[in-house]
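Q: My structure is below; once you've seen it, I'll send some questions.
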Amino acid sequence: MADHLATTGTTVVLVGSQTTLAPEVGRRAKILTVPRLEHHPSVRIVLDADVTELEERPVRIRTAGTEEWIDAPGPLLVSQGTVPDTRLLDACLRRRPRLGVYPVGAADEAGTSLNQCFASAEQTARTLRSRL
Numbered sequence: 054m055a056d057h058l059a060t061t062g063t064t065v066v067l068v069g070s071q072t073t074l075a076p077e078v079g080r081r082a083k084i085l086t087v088p089r090l091e092h093h094p095s096v097r098i099v100l101d102a103d104v105t106e107l108e109e110r111p112v113r114i115r116t117a118g119t120e121e122w123i124d125a126p127g128p129l130l131v132s133q134g135t136v137p138d139t140r141l142l143d144a145c146l147r148r149r150p151r152l153g154v155y156p157v158g159a160a161d162e163a164g165t166s167l168n169q170c171f172a173s174a175e176q177t178a179r180t181l182r183s184r185l
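Numbering-wise, the sequence shown is residues 54 to 185 according to the numbering used here.
This is how it looks when you write it as structure tokens:
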């Protein structure tokens, strides 16, 4: 999802509680997609972090005991990875951010197969491109 958006010129901020980007993805994604995201000038990645507060545009995150506001200029995308933990998605949906919340992959109940998650991500990317 982030890859689709970044390649079309959208600024992407990825915040994850894990210590590595997309730890559950397969070998091909680790070789191709992850490095492309890590080096893309329109992508900011903040790992080992928790979202603590959402405002109209910035997002407050906690990393290593410190908190900071970071700019989040676009829509809010929630990915649960392979762990079906819906707490962040539920909290985001309650906030109703200006540009909306877009569950992706297993978070939108598309299923847990990689093919279903990619199809879900592509559909969401198309929707976002038409609205941005």
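Ideal placement from N, C-alpha and C gives every residue a C-beta, glycine not left out.
Val-99: which of Leu-107, Arg-81, Arg-115, Leu-142 sits nearest, CA to CA?
A: Arg-115
Q: So Thr-61 packs on Arg-182, CB below 8 Å; how close in whole Å?
A: Indeed they touch by this definition, with Cβ atoms about 6 Å apart.
Q: Can you say whether Pro-156 is buried or exposed, counting buried as having 16 or more other CB atoms within 10 angstroms of its CB?
A: Its Cβ being crowded by 16 or more others within 10 Å, Pro-156 is buried.
Q: Any idea what DSSP makes of Asp-78, helix, strand or coil?
A: According to the sequence displayed, residue 78 carries Val and not Asp. In this structure, Val-78 counts as coil in the three-state DSSP scheme.
Q: Quick one, which of Leu-107, Ala-125, Glu-77 has its alpha-carbon nearest Ser-95's?
A: Ala-125
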